[in-house]
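Notes follow the structure.
Chains as they are written, first to last, in the working numbering: chain A, 135 to 660; chain B, 157 to 282.
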């Protein structure tokens with residue numbers, strides 16, 4: 135097109151990107167390609183499991199590479215279809231997205247390993263592994279995209295895959311849980327789409343870097359507060375924050391335990407990530423104005439989650455409430471704002487992904503060994519399953535926020551940030567929720583693990599068919615729990631690298647100059 | 157001046173959708189979800205600003221359109237949203253039918269299989 139009178143360099147990327155920059159899109163591309171391959175391998179269920187483990191192992195490697203690449207050179211952008219920003223869809227990975235993406239892939243890898251011994255041939259034929267890979271495509275895409283409508287699309291990709299995972303088996307309780315999960319999550323993503331429609335009407339752009347650049351230059355009449363309130367509501371619903379969190383305890387205990395572990399590790403954290411992206415990076419002024427509301431929501435989420443956990447007689451439902459309680463701690467970081475608090479929220483996110491998934495897997499094994507998920511019906515696990523019980527105890531300490539495990543540091547960072555900003559009551563709520571969590575998991579451990587097994591004739595010991603009968607956990611299914619527990623101890627004993635990365639990430643969100651420059655070139659100003 | 161008319165229409169769609177979704181019967185919630193999807197599509201369309209009868213197609217030999225044309229981006233967004241909301245509607249329809257078959261009710265108040273009303277209290281002592 136040498137004769138074209140149009141200067142294409144104004145609209146199109148003319149040079150090929152660096153080889154290392156491909157890392158931004160490779161996680162998504164890998165997951166979609168493997169997911170498609172899995173669908174074609176529908177008739178070869180035995181092959182699917184190992185292929186999924188292999189693909190997710192590669193995904194972990196890619197994400198490690200991405201974290202190091204971003205650590206060395208700052209946020210990385212790749213434009214889809216060569217269109218220059220803001221015309222094309224941008225994939226922009228900064229430290230926040232890369233850290234979340236890395237922990238998500240670690241969780242998925244562990245769950246895939248565990249699923250080899252847990253998902254039956256029928257589950258595989260119903261598409262467990264294709265759904266798992268496509269779920270990871272949605273999650274990675276949501277963490278790495280730089281375009282807000284694209285973020286919506288990835289939300290829908292992970293939502294439809296999660297529907298598929300949730301109903302594998304089609305038991306009555308699964309259908310019941312899926313109805314509530316399905317409708318409420320669909321309403322939440324629709325709210326997200328409504329907000330995005332308004333955002334496009336106000337800004338005329340959907341590129342996040344472009345929005346961050348323009349947010350300060352709009353006239354005062356622009357209804358930004360309405361927009362941000364809508365976004366906060368939509369993402370709070372996805373993240374299961376207090377008044378709109380009832381879908382989570384209603385559904386998370388119904389599917390296969392591997393699926394619960396995946397959901398607990400990944401789905402709500404995508405909502406938290408979107409809250410951080412929108413609240414801290416794109417609209418800091420409006421977040422500041424709404425910070426009291428967010429803080430109250432965070433406090434209620436933490437406390438009601440922990441109280442809900444205290445009131446449960448089923449181990450899996452107890453964990454569902456612990457997930458909710460953890461979301462409150464991350465929202466506290468969002469409410470406080472500032473790099474200190476946001477880095478605390480990011481570290482808490484990483485910790486919560488690893489530990490909550492490991493807890494679901496461990497409780498799944500415990501329920502299988504005891505033959506029931508009822509707290510009162512189980513017992514004597516300490517005698518029969520010593521390794522599993524010790525692993526679970528470490529995870530219990532970690533989720534309660536006791537040192538020297540990974541839950542301690544983010545709580546410390548958040549409490550410190552809250553006290554530094556004079557929000558003493560929020561710090562108190564963090565500590566009280568940790569205390570209530572300790573009681574809840576302490577009681578679970580005392581009664582279901584430490585107490586001798588109840589006599590077979592005693593009430594409440596009836597076998598729960600969904601626990602799969604009394605079986606010993608194999609070493610292979612214990613391995614992922616052990617690895618995640620080691621990660622938790624590792625973060626607890628040597629937290630500096632993670633905290634340093636999270637501080638870089640939080641500073642990048644609070645002052646997004648590097649993010650904007652990675653999209654628009656070094657001469658751009660925020 | 158098409159925008160105010162469409163804005164009012166969108167409002168009516170939202171009102172109908174919210175009214176239906178507040179019902180405890182799943183079939184009405186489903187209809188509400190279908191209307192909600194269309195309300196959002198109209199909303200995005202209106203937010204892209206309206207211009208009648210000038211499709212965004214270049215005439216032969218031109219590199220830029222001669223005059224103002226309709227905004228093609230909302231149409232692309234809506235197309236994506238239609239596909240997604242339609243597939244979700246299809247999934248939820250099947251799910252609701254399975255729920256009706258399996259649980260014997262479409263009243264959400266009586267769907268208590270996953271959260272039984274007579275759930276035992278947690279043990280109080282060791």
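We put the CB at the ideal spot given by N, CA and C, even for glycine. Quick caveat: nothing in here was measured; it's all calculated off a predicted structure.
- Interface annotation for the region 329 to 354 of chain A against chain B: 331, 332, 334 and 335, criterion Cβ-Cβ distance under 7 Å.
- Residue 304 of chain A sits exposed, since fewer than 16 C-beta atoms from the chains shown fall within 10 Å of its C-beta.
- Non-local C-beta neighbours of residue 641 of chain A in its own chain, meaning closer than 7 Å and more than five positions away in sequence, comprise 473, ordered along the chain.
- Counting only residues of its own chain and dropping the five nearest sequence neighbours on each side, residue 643 of chain A has a CB closer than 7 Å to the CB of 230, 410, 414, 415 and 476.
- Taking a Cβ-Cβ threshold of 9 Å, the residues of chain A close to residue 189 of chain B are 317, 320, 321 and 324, in chain order.
- Between the alpha carbons of residue 253 of chain A and residue 221 of chain B lies a gap of roughly 57 Å.
- The contact set of residue 446 of chain A on chain B, defined by CB atoms closer than 9 Å, consists of 275 and 278 in chain order.
- Taking 8 Å as the Cβ-Cβ cut-off, the region 246 to 257 of chain B approaches chain A at 247, 248, 251, 252, 254 and 255, given in chain order.
- By the Cβ test, the region 372 to 379 of chain A is not in contact with the region 337 to 356 of chain A, since fewer than three Cβ pairs between them sit closer than 8 Å.
- Fully contained in the region 296 to 375 of chain A are the following alpha helix (DSSP H) runs of length 4 or more, in chain order: 306 to 337, 342 to 348 and 358 to 373.
- Within chain A, no residue has its CB atom less than 9 Å from the CB of residue 261 of chain B, the nearest being about 10 Å off.
- As the crow flies, the alpha-carbon of residue 188 of chain B is around 47 Å from that of residue 580 of chain A.
- Comparing C-alpha distances from residue 353 of chain A to each of A:318, A:243, A:433 and A:336 shows the shortest one belongs to A:336.
- Residue 212 of chain A is bridged by DSSP to A:225.
- Note on geometry: alpha-carbon atoms of residue 609 of chain A and residue 382 of chain A lie some 30 Å from one another.
- Residue-level contact by beta carbon fails for residue 230 of chain A and chain B, as no gap is shorter than 8 Å.
- At least one beta carbon of chain A lies nearer than 8 Å to the beta carbon of residue 192 of chain B.
- For the 8 Å CB-CB criterion, residue 467 of chain A and residue 482 of chain A form a contact.
- Boundaries of the alpha helix (DSSP H) harbouring residue 196 of chain B: 182 to 203, taken from the DSSP string.
- Looking at the DSSP output, residue 532 of chain A sits in no beta bridge, so it has no partner there.
- The C-alpha of residue 177 of chain A is placed about 47 Å away from the C-alpha of residue 203 of chain B.
- Comparing alpha carbon positions, the residue from A:302, A:313, A:215 and A:259 closest to residue 269 of chain B is A:313.
- Beta-bridge analysis with DSSP links residue 263 of chain B to B:181.
- Our two residues, residue 487 of chain A and residue 215 of chain B, have alpha carbons roughly 54 Å apart in a direct line.
- Taking every protein chain shown into account, the CB of residue 519 of chain A has 16 or more other CB atoms within 10 angstroms, so this residue is buried.
- Taking a C-beta distance under 8 Å as the contact criterion, residue 183 of chain A and residue 250 of chain A qualify as a contact pair.
- In this structure residue 484 of chain A is in contact with residue 233 of chain A, their Cβ atoms being roughly 6 Å apart against a cut-off of 8 Å.
- In the same chain as residue 273 of chain A, and ignoring 5 residues on each side of it, the C-beta atoms closer than 7 Å to its own belong to 238, 292, 400 and 404, in chain order.
- Take the alpha-carbon of residue 512 of chain A and the one of residue 503 of chain A: they are about 9 Å apart.
- Going by C-alpha positions, residue 165 of chain A is about 44 Å away from residue 158 of chain B.
- A residue is called buried when at least 16 other Cβ atoms come within 10 angstroms of its Cβ; residue 290 of chain A meets this threshold and is buried.
- If you check the CB distance, residue 201 of chain B and residue 234 of chain B come in under 8 Å.
- Following the DSSP letters along the chain, one finds residue 197 of chain A inside the alpha helix (DSSP H) bounded by residues 179 to 207.
- Three or more Cβ pairs closer than 8 Å define a contact, and the region 650 to 659 of chain A falls short of that threshold against the region 555 to 569 of chain A.
- In summary, residue 197 of chain B is buried, with 16 or more beta-carbon neighbours lying within 10 Å of its beta-carbon over all protein chains present.
- Restricting attention to A:223, A:208 and A:324, the CA atom closest to the CA of residue 215 of chain A is found in A:223.
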